[in-house]
Amino acid sequence: MEKPDARLLKPTTQNYLRQQAIRLREQGKRNIDIAAYLGVHRNTITGWWKDYQTQGEEGLTQQQRGAKYGAGRTLSTEQESQVQERMRDQFPDELGIDSALWTRRAVQTLIEQEFGVAMPIRTVGEYLKRWGYTPQKPLKRAYEQDPKAVQQWLDVTYPALVKQAKSEGAKIAWGDESGLLRCSSRARICAEGQDSGNQLESEKTASHQLHCQRQ
């Protein structure tokens, strides 16, 4: 009967068989007999014994296969967390970034500002997608807006809203007709401590929602 390839076994099973093989080998058993007893190839026993002789107990532990988490990424997991925290708790202009909302370009600037990493805009988009941010599609009528009115809102109305929100202990929620940021890897937004049926405006403790646009 053909014996199974030990490399295809679960790590926990492999570790157990390795321990048993070493114990029997130290008792003077032959590799061929140990292989028959454990149901693996003789060459497998030989390899395990060699690992044990050169690496000790560490050589008996099956290592996780595949690339480690974060391999091939520009940012470390800690840096990723820092960026997401900034985006949750602050607006771009509060960090000296010339943008009212968190766009890919704004996040790119934040990353370079915080960590000195000049990340390509496409890579920024991949990070945002991994974190659960969905790109927004601006409405066609946005191109027909009155530039003066928009600038008035950015220079006067919006700063006044920010000031009022801070004085009342409230937070500002952003949204549009094309959808919102997915919160906590869910496809819908929920305010902190509420279900999705409640209005964000009704609670001053509403979580700080983000609007991520393509730019």
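Quick note: the sequence shown uses UniProt numbering, first residue 1, plus one each step. C-beta: ideal position from N, C-alpha, C; glycine also.
Other residues of its chain near residue i: CB distance less than 7 angstroms, five sequence neighbours each side excluded
| i | result |
| --- | --- |
| residue 74 | 117, 119 and 123 |
| residue 72 | Bear in mind that the predicted position of residue 72 carries a pLDDT of just 46, short of 50, making it unreliable; the figure below should be weighed with that in mind. There are no such residues. |
| residue 38 | 17, 20 and 21 |
| residue 108 | 119, 121 and 124 |
| residue 158 | 100 |
| residue 25 | 34 and 49 |
| residue 47 | none |
Where residue i falls: helix, strand or coil (DSSP)
| i | result |
| --- | --- |
| residue 29 | coil |
| residue 133 | coil |
| residue 75 | coil |
| residue 119 | coil |
| residue 101 | coil |
| residue 11 | helix |
| residue 40 | coil |
| residue 22 | helix |
| residue 146 | coil |
| residue 114 | helix |
| residue 90 | coil |
| residue 170 | coil |
| residue 212 | Confidence is the limiting factor: at residue 212 the pLDDT is only 46, short of 50, which leaves the residue's position unreliable, though a coordinate-based value still follows. Three-state DSSP puts residue 212 in coil, outside helix and strand. |
| residue 56 | helix |
| residue 95 | helix |
Residue i versus the options, residue with shortest Cα-Cα distance
| i | options | result |
| --- | --- | --- |
| residue 83 | 39, 131, 52 and 46 | 131 |
| residue 218 | 52, 11 and 166 | The first residue shown for the chain is 1 and the last is 215, placing residue 218 beyond what the model contains. |
| residue 151 | 100, 16, 38 and 40 | 100 |
| residue 133 | 13, 104, 58 and 50 | 104 |
| residue 98 | 115, 163 and 154 | 154 |
| residue 42 | 29, 56 and 169 | 29 |
| residue 102 | 163, 128, 79 and 52 | 128 |
| residue 114 | 160, 76 and 156 | 76 |
Contacts around residue i, its chain only, beta-carbon distance under 6 angstroms, and the 5 residues preceding and following it disregarded
| i | result |
| --- | --- |
| residue 33 | none |
| residue 45 | 21, 31, 34 and 35 |
Beta-carbon proximity list for residue i, same chain, < 8 angstroms, skipping 5 on both sides
| i | result |
| --- | --- |
| residue 110 | 83, 86, 87, 92, 95 and 97 |
Interface flag, residue i vs chain C, CB-CB below 8 angstroms
| i | result |
| --- | --- |
| residue 118 | Of the protein chains in this structure there is only one, and it is not chain C. |
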